[in-house]
Every structure is written in C-alpha cells, then in structure tokens.
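Per the UniProt record's numbering, the sequence shown starts with residue 1, numbered consecutively. Where a beta carbon is used, it is the ideal one built from N, C-alpha and C, also for glycine.
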Amino acid sequence: MVIRSFQGSHSARTLIKVVYIVCAAILTTSVIVESFLVHMLVLPYFHESEFEPGICTVVKIELKPSGRLKCENKCSKERSTFPCLQVTIVFEKDNRNRTGFLFDTIVTHQNYRHYGCATSSCYQRQEENDFVVQMFRLSLQSRGQFQCFVSAMHDDEALMYKVYQPSTIFHALFWPLGFFAISLTLIISLYIVDRCEVWNADSLLIT
1 MVIRSFQGSH
11 SARTLIKVVY
21 IVCAAILTTS
31 VIVESFLVHM
41 LVLPYFHESE
51 FEPGICTVVK
61 IELKPSGRLK
71 CENKCSKERS
81 TFPCLQVTIV
91 FEKDNRNRTG
101 FLFDTIVTHQ
111 NYRHYGCATS
121 SCYQRQEEND
131 FVVQMFRLSL
141 QSRGQFQCFV
151 SAMHDDEALM
161 YKVYQPSTIF
171 HALFWPLGFF
181 AISLTLIISL
191 YIVDRCEVWN
201 ADSLLIT
C-alpha cells in the first residue's frame, strides 16, 4: 500500500510538472507568434484602413531613372532586383482634383514609398521581375477610370487593392491570445493548488 501510494503521488507530481512545462512553452510561443503577427498583419491592416475608396485615373507611367531596387528579403545574400515603375494618378478628394502616386498594395507602399514605386515584384530571377512589372504597366495603360483607395492622411497617395480582411486580423489576434490566456490560467490554478510543491519535493529528495 505504501509503495502504491508513493507511485501514485509520484505520477501526480510528474503530471503536474508536465502541465507546468507545456503551459510555459505555450506561453512563450504565443508571445513570439503574436509579436510576429502584429508586425506582419495587424500593423499593416491598420495602416491600410487609413485608405478610403475613391476613383483614380492614370496620367503618366514611367520607369524611375535611378535604376533597379533590391527586394526586401534581407535574409538572403543574393537579393533579386526589380525596375521601379512610377505611376502618377489624378483622383478627387475634398471636391478637388489631386495628383499623386499609385501603389498596388500596402506592402509596396510600406517598403518602397520613399522611391514612389507602384509595384514590387520579387521573384528569384530578375527576368521574371521585369516581366511582371511590364505586365503591370500594360494593364494600367489599358485602364480608364478605376476604383482605388485614397490616403486619408496624405494628399498624394493611393492604393489599387486592399489585401487584409478583418477576419484575418481576428484570427491573428484571437488564437495566440486565447492559448496565452488558457495557459496562464492553468499555471495560476496549479500554483494556487500546489504552491510549487512538486518542485520543492524534488529538491528535498536531492538533498
């Protein structure tokens, strides 16, 4: 009976330790994943939400004479390059016609706004980048007026497309925070019940 009681208490301590360790790992992972998702999805979503629907007309398309730009993949030593295509548009804002630069998505706007590049094609081969930029240019040349998204903060910027959906942001926030809350609740509950006795018991056995 004594042996069985000892084995039972030992199994319970082992189970509690496993729960402690798993919950701590989930807590750490949730924080890391949430930090990554906030940077990659949440902040761009709120930035993109500043652009409001409007009507744009292309007035000029030209290649920037300063040359090619490197892609933003800084993890690779051999980054490909792409030609910087500048697209000047006219749109109406506050009952006035405004002139500004067009960007295909918020990603291009964030990475290449300083250069005024309308699109950023970053395939491995430069020939593919050249082809995509050329196709983008041809598609704009055949457009008349089209729906765009005009910046509410600046008078000279517009997006062609919005890429982030509210449902995507919900999942990006809900799941990591949900796992974090569950793990934290379990750790607090175990601490209230056990007071870390499982770790203290091991210390006593070692001494």
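In terms of alpha-carbon separation, which member of R98, E34, L63 and P176 lies closest to I55? Closest option to I55, Cα to Cα, is R98.
Could you work out which residue in Y112, F180, I61 and C23 is closest to R143 when comparing CA atoms only? Nearest C-alpha to R143 among Y112, F180, I61 and C23: I61.
Excluding sequence positions up to five away, which residues of its chain have a Cβ less than 6 Å from the Cβ of Q86? If the five residues before and after Q86 are omitted, its C-beta is found closer than 6 Å to the C-beta atoms of E62, K64 and G116, all from its own chain and listed in chain order.
N129, enclosing alpha helix (DSSP H) - first and last residue: Secondary structure note for N129: its alpha helix (DSSP H) is the uninterrupted segment Q126 to Q141.
Coil, strand or helix - V42 by DSSP: Helix, per DSSP.
When you compare each of L184, V22, M153 and F180 to residue 221 by their alpha carbons, which one comes out closest? An answer regarding residue 221 cannot be provided, because it is not within the stretch 1 to 207 covered by the chain.
First and last residue of the alpha helix (DSSP H) that includes A172? That run of the alpha helix (DSSP H) goes P166 to D194.
Counting pairs of Cβ atoms below 8 Å between the stretch 32-42 and the stretch 167-185, do you hit three or more? Yes, the stretch 32-42 touches the stretch 167-185.
Is DSSP giving V72 helix, strand or coil here? What sits at residue 72 in the sequence shown is Glu, not Val. When secondary structure is reduced to three states using DSSP, E72 falls in the coil class, being assigned neither helix nor strand.
What separation, rounded to the nearest whole angstrom, lies between the Cα atoms of L102 and W175? Approximately 35 Å between the Cα atoms of the pair.
Quick one: residues in its chain with C-beta nearer than 8 Å to the C-beta of E50, no 5 flanking neighbours on either side, listed in chain order? Excluding positions up to five away in sequence, the list reads S151, A152 and M153.
Cβ neighbours of residue 208 in the same chain (closer than 8 Å, five flanking residues each side left out): Lying outside 1 to 207, the shown extent of the chain, residue 208 is not represented and no answer is given.
Pop quiz: S120 and N111 are said to be a contact at Cβ under 8 Å. What is the actual Cβ separation, rounded to whole angstroms? Yes, they are in contact, since the Cβ atoms of S120 and N111 sit about 6 Å apart, within 8 Å.
Given that a residue counts as buried once 16 or more other Cβ atoms are within 10 Å of its Cβ, and exposed if not, what is C196? C196 is exposed by the Cβ-count criterion.
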